[in-house]
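Protein chains in written order, with the numbering used here: chain V, 1 to 463; chain G, 1 to 273.
C-beta atoms are modelled at their ideal positions from N, C-alpha and C, and glycine is treated no differently.
From a predicted model like this one, the values you see are computed outputs, not experimental measurements.
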């Protein structure tokens, strides 16, 4: 195994492996200190970044960070690598690759063509030597479009997942939040519930409920119950109306095993969902969530830094042509991302790496109450990600998830960022909002002050 | 703002739906943004949750209360020296510091213990939850144990503790089972939620899959008597089957019937609201 070194002044820093180099080049975050893989000093970190910048991209094709023989994610990455797509940048070092990405040569078409030629490790490596503005600039040039009942990822659009969670999965409570969200113009990415119970019967009932609502109001969106993939497979076997199959995934075989999944199960789920043919515009039927730190928390990180592990999860995701992928960036807690600064950077890294690898990347911009973060930090990340062209964000009432006990973006937050940046919902959903009277007629999406007729009728039924 | 000026806030005529969910729906808007009142209400809820995380553990006060109830206690500290380290190093919060280990050993040497269950009270992520709920819950559990032969170890009070610290405490005490009362991660509307974790044959290195959890114990959540009853049931089953965790849960927890509803709600025509 090659060693890496870099001299700063009269001090020579040595890095025993590519894995160590990657970890030490990573901007500081608590999870890497917890894993004891972080640089020991600020200078060592920059020395590692300098050594990494001189490393040829193709090194990542010959030096696997997690052994090929023992990890199916590594095998997936290597076996599906598209050498022809990689050709335009195959001669570059990581540092030159950064320059190329920032240059006008790397336009939308070039980046789309390149995606299958990049490995997650290459994306992670270059992100480590990029500033926040670089992560934004390059991600904004990437375009990833997916479809089920509407079109996500178009330029000038920002979608939202309507997340009507309830601590006991109460149907009326969930319906109340769905109505609130729709009337605030949210829900074009998905109406997606984190169920309180993973019981198949309960999940089936929620699936039926969302299906009935989407059909009755003819909403151009899709539903998802974020149960374990095996529960959703069982629901499909029982004939439940499944639009999207959800699963949390990670970047190593061992971490995925701790989630109770592997590539085979995910493929089985995708095939089952495809066979239902419920999408009207497209067949992107998978929804994945990821997040830095998940591999370490399962003691399945193989000595890798958490951001590189995270990028490897995107290789798993892209194999299944998902409609939606989002990092749940601040959910895991301060032992992985300590404060607002670390959460903001991680969110932008994840979005950048996901987009560069060809994923419809969204972000659950969030924090827990034991992290050093607050609403101001979320506003910063929301605004930056929206400038970067983030595909979708979460939408919940007043930022307060009463089931998962964390704070994410609100229905209002989506309206704010659409207003300041001139962004719109997915076109089919926007048309529905205008048709039903949630939006006023006209080119600029504006909420109607009056209650739309269809929903006024419904409310009249409620005592 | 004068009385004659129209309000800049657009109110939502679906406010009455709040009876169906604790979610923050129908907040209204100023332009597209959160009006001042709900904005500040949110800030208050977050401030309370933050304060709960950083509130120092009143170990002395808790000891006094327990002594008044004739419970012997032992005061311990995890290897996480302060809250800052505790938040970043969960591994340190799972182990006792050296002085605590010595104190516990000294207590055992002083008079040998034979105990079936050890209770550990740790601050976790909300000392507030422990201050409010630990003693009333313990009293309720003692009522359940009254007519039994369960022998209870001295109550261990642990500062800067995580759930798994119960493994080391229980192991040192030689307890068959350990029950940890711990402050859960505070939610915006629940800064004082207490969690209860049961582990059969505690020893360092046990995984979370080997524990059973009862969550959200507080007056506004799961009440003390109900939580104590549930815990006693788990303790009895753990003792009978000589295990705890996923396998115990699978057979004791019945499918939540209430959740297997038909999904009826007011939004769908076929189902009257």
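Closer than 8 Å to chain G by CB, residue i
i	result
residue 293/V	no
residue 461/V	yes
residue 447/V	yes
residue 30/V	yes
residue 173/V	yes
residue 399/V	yes
residue 490/V	Limits of chain V in this structure are 1 at one end and 463 at the other, which puts residue 490/V out of reach.
Residue i: contacting residues in chain G (beta-carbon distance under 7 Å)
i	result
residue 209/V	263 and 265
residue 338/V	88
residue 213/V	267 and 268
Neighbour flag for residue i against chain V, beta carbons, 8 Å
i	result
residue 273/G	Residue placement at residue 273/G cannot be trusted, given a pLDDT of 37 that sits under 50; the coordinates are not used to answer.
residue 215/G	no
residue 252/G	With a pLDDT of 48 at residue 252/G, under the threshold of 50, the predicted position of this residue should be treated as unreliable, though the coordinate-derived value follows. Cβ-Cβ to chain V under 8 Å: no for residue 252/G.
residue 37/G	no
residue 42/G	yes
residue 187/G	yes
residue 33/G	yes
residue 123/G	no
residue 179/G	no
residue 23/G	yes
residue 120/G	no
residue 128/G	no
residue 10/G	yes
residue 62/G	no
residue 220/G	no
residue 26/G	yes
residue 57/G	no
Proximity winner among the options, relative to residue i (alpha-carbon distances)
i	options	result
residue 79/G	95/G, 87/G and 72/G	95/G
residue 209/V	15/V, 169/V, 276/V and 30/V	169/V
residue 316/V	282/V, 283/V, 266/V and 367/V	266/V
residue 51/G	244/G, 195/G, 183/G and 73/G	183/G
residue 247/V	230/V, 158/V, 241/V and 236/V	230/V
residue 92/G	35/V, 120/V, 95/V and 98/V	35/V
residue 233/G	153/G, 189/G, 144/G and 173/G	144/G
residue 228/V	238/V, 245/V and 7/V	245/V
residue 217/V	462/V, 295/V, 390/V and 452/V	452/V
residue 225/V	242/V, 234/V, 117/V and 238/V	242/V
residue 305/V	434/V, 293/V and 313/V	293/V
residue 222/V	259/V, 263/V and 146/V	146/V
residue 370/V	25/V, 340/V and 350/V	340/V
residue 149/V	200/V, 166/V and 219/V	219/V
residue 269/G	46/V, 13/V, 57/V and 459/V	459/V
residue 60/G	69/G, 73/G and 49/G	73/G
residue 465/V	132/V, 87/V and 131/V	In the structure displayed, chain V extends from 1 to 463; residue 465/V sits before or after that span and is not available.
residue 288/V	194/V, 24/V, 212/V and 151/V	194/V
residue 329/V	41/V, 348/V and 94/V	348/V
residue 85/G	336/V, 409/V, 400/V and 351/V	336/V
residue 421/V	318/V, 388/V and 52/V	388/V
Strand pairing of residue i, partner residues [DSSP]
i	result
residue 490/V	Residue 490/V falls outside the range modelled here, since chain V spans only 1 to 463, and no answer is possible.
residue 121/G	157/G and 181/G
residue 482/V	Given a span of 1 to 463 for chain V in the structure shown, any question on residue 482/V remains unanswerable.
residue 6/V	13/V
residue 122/V	Beta-bridge pairing links residue 122/V to no other residue.
residue 277/G	Residue 277/G lies beyond the stretch modelled for chain G, which goes from 1 to 273, so this question has no answer here.
residue 410/V	396/V
residue 19/G	Per DSSP, none; premise fails for residue 19/G.
residue 372/V	339/V
Neighbour list for residue i in chain G, Cβ cutoff strictly below 8 Å
i	result
residue 407/V	46 and 188
residue 419/V	31 and 32
Beta-carbon neighbours of residue i, restricted to chain G and to distances below 9 Å
i	result
residue 334/V	87 and 88
residue 374/V	43, 46 and 50
residue 159/V	Those within 9 Å of residue 159/V in chain G number zero; the least Cβ separation is about 17 Å.
Any non-hydrogen atom of the ligand MN closer than 7 Å to residue i Cβ
i	result
residue 24/G	Among the ligands in the structure shown, none appear at all, so the ligand MN cannot be discussed.
Listed by chain order, chain V residues near residue i by CB distance under 7 Å
i	result
residue 16/G	462
residue 53/G	369 and 370
residue 227/G	By Cβ distance, chain V contributes nothing, its closest Cβ being about 16 Å from residue 227/G, past 7 Å.
Report yes or no: do three or more beta-carbon pairs, one from the segment 135-148 of chain V and one from the segment 432-449 of chain V, lie closer than 8 Å? no
Three CB pairs or more closer than 8 Å across the segment 107-125 of chain G and the segment 151-168 of chain G: yes
Under 8 Å: do the segment 96-114 of chain V and the segment 324-344 of chain V share three or more Cβ pairs, one atom per stretch? no
Three-pair Cβ contact test at 8 Å for the segment 31-50 of chain V versus the segment 64-84 of chain V: no
Please determine if the segment 168-188 of chain V and the segment 8-28 of chain G are in contact, where contact requires at least 3 C-beta pairs separated by less than 8 Å. yes
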